[in-house]
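J.:
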Amino acid sequence: MSILIVYATKHGATGKCASILKERLAGDVSLHDLKSASKPDLSKYDKVIIGGSIYAGRIQKAVSEFCNENINFLKEKKLGLYICCMFMDSAEIQLKNAFPEELLNSAAVKESFGGEMIFSDMNFFEKTLTKIVTKTIAKSNPKLAGIDPKKDVSMLVEENINRFVQVMNGK
Ligand SMILES: Cc1cc2nc3c(=O)[nH]c(=O)nc-3n(C[C@H](O)[C@H](O)[C@H](O)COP(=O)(O)O)c2cc1C
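Here my numbering is used: the first residue of the sequence shown is 1314, the next is one more, and so on.
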């Protein structure tokens, strides 16, 4: 089985998840970062996974464009969709808004993998914005209350990643 993982990442979390999936999936797995100028040849793959991360409630434009440009091809594949995001209370709605409805309906599995805040990779503006956003969200989500912008934070949800792998490894 050949599998393609197409992803977009800003600070690395979605890319890290793509690499974790590559390690755990059975078959010949290729990674494609949407930053790359080349376009993957979808006809070569039996299964396709698409991942992106959420900023201000939205997935990267490159992910939306890839989905829309290839929608008919993607509907014919065994498809997995994932997002990386920190606000797990709104993960379901963010996931629903991230991908076209047709793909959400045809996907074998769709998951939120949680997220990471890689402050060491952020510029001053991003750090300040993140501090404000997490402070606001922390009022309703105590798990985010302890986030210290001096330390990188990883809140990936192993259980969700493993469930996703299990479905994609099936026929
Ligand atoms: C400026 C900023 C805005 C964010 N907005 C959201 C958001 O609206 N919802 C959410 O769940 N997570 C949000 N996040 C968290 C990211 O989705 C999370 O850090 C993710 O792991 C980033 O993945 P990446 O490094 O692959 O881009 C935001 C993070 C930053 C820095």
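Virtual Cβ for every residue (Gly too), placed ideally from N, Cα, C.
Say the cut is 7 angstroms; is the CB of V1478 nearer than that to a heavy atom of ligand 1?
T.: It does not: the Cβ of V1478 is nowhere closer than 7 angstroms to a heavy atom of ligand 1.
J.: Any residue with its Cβ nearer than 7 angstroms to a heavy atom of ligand 1 should be included. What is that list in chain order?
T.: Result: T1322, K1323, H1324, G1325, A1326, T1327, G1328, S1366, I1367, Y1368, A1369, G1370, C1397, C1398, M1399, F1400, S1403, A1404, Q1407, G1428, E1429, M1430, I1431, M1435, E1439, L1442, T1443, V1446.
J.: Look up E1439 in the DSSP assignment and give the residues it is bridged to.
T.: In DSSP, E1439 forms no bridge with anything.
J.: Please name the residue in Y1358, I1333, F1379, L1355 whose C-alpha comes closest to that of A1321.
T.: Here the closest residue by C-alpha is F1379.
J.: According to DSSP, is M1430 part of a helix, a strand, or is it coil?
T.: In the structure shown, M1430 sits in a strand (DSSP, three-state: E or B).
J.: Can you tell me where the beta strand (DSSP E) with Y1424 in it begins and where it stops?
T.: For the sequence presented, residue 1424 should be read as Glu rather than Tyr. That run of the beta strand (DSSP E) goes 1422 to 1425.
J.: Is the beta carbon of K1388 less than 8 angstroms from the beta carbon of L1408?
T.: It is not a contact, given that the beta carbons lie outside the stated cut-off.
J.: So what's L1416 in DSSP terms, helix, strand or just coil?
T.: It is helical.
J.: CB-CB under 6 angstroms to P1462, same chain, minus the five flanking residues each way: which ones, in chain order?
T.: Closer than 6 angstroms at Cβ, skipping near neighbours: F1432, K1440, K1444.
J.: Taking the alpha-carbon of N1482 as reference, which of K1323, D1341, G1328 has the nearest alpha-carbon?
T.: N1482 has its Cα closest to that of D1341, out of K1323, D1341, G1328.
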